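As you go down the protein sequences, you meet chains A and B in turn.
With my numbering applied, the first sequence covers 514 to 814.
With my numbering applied, the second sequence covers 18 to 307.
Have a look at the structure below before the remarks.
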Amino acid sequence: DVKTGKERKLHGRFLHITDIHPDPYYVEGSSIDAVCHTGKPSKKKDVAPKFGKAMSGCDSPVILMEETLRWIKENLRDKIDFVIWTGDNIRHDNDRKHPRTEAQIFDMNNIVADKMTELFSAGNEEDPRDFDVSVIPSLGNNDVFPHNMFALGPTLQTREYYRIWKNFVPQQQQRTFDRSASFLTEVIPGKLAVLSINTLYLFKANPLVDNCNSKKEPGYQLLLWFGYVLEELRSRGMKVWLSGHVPPIAKNFDQSCYDKFTLWTHEYRDIIIGGLYGHMNIDHFIPTDGKKARKSLLKAM
Amino acid sequence: EQSTRVQQGEDSNEEDEETELNRILDHAMAAKEVFLMGAKPSNKEAYMNTVRDTYYRKVWNKLERVDEKNVENEKKKKEKKDKKKKKPITRKELIERYSIVNIGGSVIPTFNPSFRIWEYNITDIVNDSNFAVSEYKPWDEFFESLNKIMEDSLLEDEMDSSNIEVGINREKMGEKKNKKKKKNDKTMPIEMPDKYELGPAYVPQLFTPTRFVQFYADLEKINQELHNSFVESKDIFRYEIEYTSDEKPYSMDSLTVGSYLDLAGRLYENKPAWEKYVEWSFASSGYKDD
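This is the structure we're talking about:
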């Protein structure tokens with residue numbers, strides 16, 4: 514590691530983990546009908562099990578998150594080079610008796626960030642940014658308040674996330690992070706980077722996103738950041754993975770944002786290795802067409 | 018409101034109206050989708066079928082057009098082209114236009130909890146003792162100037178807006194502004210210069226992803242085992258390998274864009290392969306649409 518002078522062993526492996534959604538209100542034995550928070554189950558099928566139940570609509574019991582991280586610690590931690598962690602670290606807002614608050618969102622994100630730090634840090638008390646395994650978090654649509662809505666920074670929320678992710682976001686990027694809630698991490702210094710892209714600025718369900726054509730639009734500013742960073746990486750001869758929460762597919766992004774984002778990934782095909790995202794909970798892949806994106810943009814112009 | 022405006026619009030042509038209405042519908046659908054996200058899964062099989070019938074089908078159609086030999090012949094042909102017949106393309110042309118968006122399974126048990134380990138090529142690093150660069154270029158300067166660029170861009174926007182508000186020769190100003198906007202839109206990339214070669218996503222080389230291993234926790238089995246025994250949960254809770262990229266139907270020897278496009282084509286035309294793929298997409302939870 515030319516940045517720190519520390520010797521590191523590369524494994525040629527990394528982890529992508531997403532959408533943990535831990536729910537502190539989850540109660541084992543409660544009713545699935547009551548989103549596993551309360552109630553007496555009427556039948557066996559309605560009982561909330563200890564580790565959660567697939568397809569039930571309930572969030573993750575905290576023990577599911579803890580056991581997942583424990584399993585990763587025991588089986589994978591020392592075999593990977595970095596972790597791409599693509600957001601949504603809080604329960605859904607699906608219980609009227611317990612409406613989600615901004616403080617709860619930040620608190621739970623803090624807890625999960627601390628757990629990630631504990632799991633992957635080098636344990637260097639003098640330098641909390643010293644990690645055995647780099648962790649690159651990104652912002653989910655449930656990690657912001659209100660749900661989906663996230664304004665162009667600097668805002669209290671971008672500052673709060675810099676505080677929560679202080680060990681993950683390189684210090685010199687504080688000001689650009691404050692604007693875009695996005696950042697770059699060199700996972701192999703001078704060679705390989707991962708971009709954490711705040712795709713909420715391109716997300717059509719974000720009420721503050723209209724398009725990516727006007728300079729005051731958050732998406733325009735994000736793409737400005739994206740383009741300059743890609744060009745700098747190219748000039749340094751580096752390669753890069755893209756990561757974010759909401760995947761850059763047509764159904765999720767505003768049309769102009771989708772076309773522009775797709776075109777950037779196309780025109781930097783000499784350095785971009787791929788993109789890893791979460792949000793949809795379905796394990797699949799989608800090919801996006803750069804040539805079509807250019808045509809669509811030219812037509813719109 | 019927008020819909021009414023579009024319907025009453027005097028200047029817009031039919032195509033614009035349709036695009037605008039589609040945009041509004043898209044917004045509505047997105048809002049609905051977001052509401053459903055993370056809650057009890059619904060219509061996910063239908064969603065996956067849409068993925069196959071749109072994205073994968075298009076790739077399959079293009080794969081059918083790959084014909085290296087006839088691309089040159091076709092270019093030389095001077096006679097009137099048959100418009101209905103799609104012209105042949107080279108495999109390189111096909112692959113280069115695509116990027117792959119990988120969407121991960123979640124830990125939240127919408128289906129079963131899952132995550133993925135990616136493997137990538139580091140052979141050149143292992144074989145090269147001088148791999149590490151001796152001089153490391155810090156990023157401080159770059160990010161400082163980038164911050165300034167972003168700041169200036171917002172200031173420019175404010176200045177543009179205030180000029181318009183003053184209202185001096187609005188029409189002329191509008192024309193000028195549009196021209197400037199097109200010319201100065203820094204969020205539109207220029208085409209990749211020819212001097213750059215295809216990167217690790219396209220051609221196997223250093224950092225090319227080579228394989229992945231998908232892990233999942235079978236919650237029904239784990240909860241059942243817990244129910245039937247008195248051992249601690251940590252002895253019972255475990256992730257296991259669900260599948261890997263080198264087994265059927267994936268059968269990928271590397272994870273380049275070309276391999277993904279071949280897979281998309283296979284998934285479109287091969288029903289058993291598609292069914293297995295969908296089963297794994299839902300983390301082997303057995304999910305079916307109601």
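Heads up, the beta-carbon is just placed ideally off N, CA and C, and yes, glycines get one too.
No experiment lies behind these values; they were computed from the predicted model shown.
Taking the continuous alpha helix (DSSP H) assigned at residue i, which residues delimit it?
| i | result |
| --- | --- |
| glutamine 687(A) | 687-693 |
| serine 809(A) | 803-813 |
| histidine 244(B) | 236-244 |
| lysine 519(A) | That residue, lysine 519(A), is in no alpha helix (DSSP H); it is neither H nor E in DSSP. |
| arginine 747(A) | 731-748 |
| isoleucine 624(A) | 615-633 |
| lysine 288(B) | 288-298 |
For a cutoff of 8 Å on Cβ pairs, would you count residue i as touching chain A?
| i | result |
| --- | --- |
| glutamate 242(B) | no |
| methionine 190(B) | Confidence in methionine 190(B) is poor, its pLDDT being 49 and thus under 50, which makes the residue's placement too unreliable to answer from. |
| serine 131(B) | yes |
| proline 126(B) | yes |
| valine 248(B) | no |
| asparagine 144(B) | no |
| alanine 300(B) | yes |
| leucine 53(B) | The predicted model places leucine 53(B) with a pLDDT of 48, which falls under 50 and marks its position as unreliable; any figure quoted below should be read in that light. Judged by the 8 Å Cβ criterion, leucine 53(B) is not in contact with chain A. |
| serine 116(B) | yes |
| methionine 269(B) | no |
| isoleucine 106(B) | no |
| glycine 216(B) | yes |
Chain B beta carbons: is any one of them nearer than 8 Å to that of residue i?
| i | result |
| --- | --- |
| glycine 757(A) | no |
| alanine 694(A) | no |
| glutamine 617(A) | no |
| proline 612(A) | no |
| histidine 529(A) | yes |
| asparagine 622(A) | no |
| isoleucine 785(A) | yes |
| histidine 817(A) | With chain A represented from 514 up to 814, any question about residue 817(A) goes unanswered, as that position is not in the structure. |
| serine 569(A) | yes |
| isoleucine 603(A) | no |
| valine 515(A) | yes |
| threonine 801(A) | yes |
| glutamine 685(A) | yes |
| arginine 749(A) | yes |
Check for me: the beta strand (DSSP E) holding residue i runs from which residue to which?
| i | result |
| --- | --- |
| glycine 787(A) | 785-790 |
| leucine 111(B) | Careful: leucine 111(B) lies outside any beta strand (DSSP E), inside the alpha helix (DSSP H) at 108-113. |
| glutamine 231(B) | 226-233 |
| proline 650(A) | 647-650 |
| phenylalanine 766(A) | Taken as a continuous stretch (DSSP letters only), phenylalanine 766(A) belongs to no beta strand (DSSP E), as it is neither H nor E. |
| threonine 698(A) | 696-701 |
| tyrosine 64(B) | Per DSSP, tyrosine 64(B) belongs to no beta strand (DSSP E); it is in the alpha helix (DSSP H), 61-68. |
| glutamate 136(B) | 131-137 |
In chain order, what residues of the same chain lie with their CB nearer than 7 Å to the CB of residue i, ignoring the 5 residues before and after it?
| i | result |
| --- | --- |
| histidine 660(A) | Asp606 and Asn654 |
| leucine 172(B) | none |
| threonine 712(A) | Gly757, His758, Val759 and Pro761 |
| serine 298(B) | Met65 |
| glutamate 110(B) | none |
| tyrosine 137(B) | Phe224, Thr225, Pro226 and Thr227 |
| lysine 103(B) | Arg82 |
| tyrosine 304(B) | Pro58, Lys61 and Phe128 |
| tryptophan 135(B) | Pro226 and Phe229 |
For residue i, which residues of its own chain have a beta-carbon under 8 Å away from its beta-carbon, when the five flanking residues on both sides are left out?
| i | result |
| --- | --- |
| tyrosine 675(A) | Val682, Gln687, Phe690 and Asp691 |
| isoleucine 347(B) | Here chain B has residues from 18 to 307 only, and residue 347(B) is not among them. |
| phenylalanine 766(A) | Thr712, Leu715, Phe716, Lys717, Val759 and Phe774 |
| arginine 108(B) | Val83, Glu85 and Gly275 |
| proline 562(A) | Glu541 |
Excluding the five sequence neighbours on either side, which residues of its own chain have a C-beta within less than 6 Å of the C-beta of residue i, listed in chain order?
| i | result |
| --- | --- |
| phenylalanine 696(A) | Val682, Gln686, Phe690 and Ser709 |
| glycine 732(A) | Tyr714, Leu715, Val722, Cys725 and Cys770 |
| tyrosine 73(B) | Ala281, Leu284 and Tyr285 |
| arginine 521(A) | Asp514 |
| aspartate 608(A) | Val548 and His550 |
Can you list the residues of chain E that residue i reaches, using a CB-CB cut of under 8 Å?
| i | result |
| --- | --- |
| arginine 526(A) | Checking the listed chains, one finds no chain E in this structure; the protein chains it contains are A and B. |
Open item on the list: Measuring CB atoms only, is the stretch 589-606 of chain A touching the stretch 525-545 of chain A, in the sense that at least three cross pairs come out at less than 8 Å?
Closed with: When Cβ pairs closer than 8 Å are counted between the two stretches, the stretch 589-606 of chain A is seen to touch the stretch 525-545 of chain A, the count reaching three or more.
- [ ] Identify every run of the alpha helix (DSSP H) within the stretch 549-600 of chain A, keeping only runs that are complete inside it and at least 4 residues long; order them along the chain.
- [x] Secondary structure remark: continuous alpha helix (DSSP H) runs of at least 4 residues inside the stretch 549-600 of chain A, in chain order: 575-588.
Task: Any 3 or more C-beta pairs closer than 8 Å across the stretch 785-797 of chain A and the stretch 747-760 of chain A - done: These segments touch.
Open item on the list: Taking 8 Å as the cut-off, does the stretch 606-626 of chain A touch the stretch 766-774 of chain A (at least 3 CB pairs, one atom from each stretch)?
Closed with: Verdict: no, contact absent.
Open item on the list: Using 8 Å as the cut-off, can you tell me whether the stretch 544-556 of chain A makes contact with the stretch 205-225 of chain B, which would need three or more C-beta pairs spanning the two stretches below that distance?
Closed with: Counting C-beta pairs closer than 8 Å gives fewer than three between the stretch 544-556 of chain A and the stretch 205-225 of chain B, which falls short of the contact rule.
Open item on the list: Assess contact between the stretch 113-133 of chain B and the stretch 797-812 of chain A, defined as three or more Cβ pairs (one per stretch) separated by less than 8 Å. Is contact present?
Closed with: Because the criterion of three Cβ pairs below 8 Å is met, the stretch 113-133 of chain B and the stretch 797-812 of chain A touch.
Task: Minimum length 3: unbroken beta strand (DSSP E) runs contained in the stretch 250-278 of chain B - done: Runs found: 257-261.
Open item on the list: Does the stretch 234-242 of chain B come into contact with the stretch 560-576 of chain A, if we say contact requires no fewer than three beta-carbon pairs (one atom in each stretch) closer than 8 Å?
Closed with: Cβ pair count under 8 Å is three or more, so yes.
Open item on the list: Measuring CB atoms only, is the stretch 731-751 of chain A touching the stretch 570-590 of chain A, in the sense that at least three cross pairs come out at less than 8 Å?
Closed with: The answer is no - the stretch 570-590 of chain A does not touch the stretch 731-751 of chain A, with fewer than three Cβ pairs under 8 Å.
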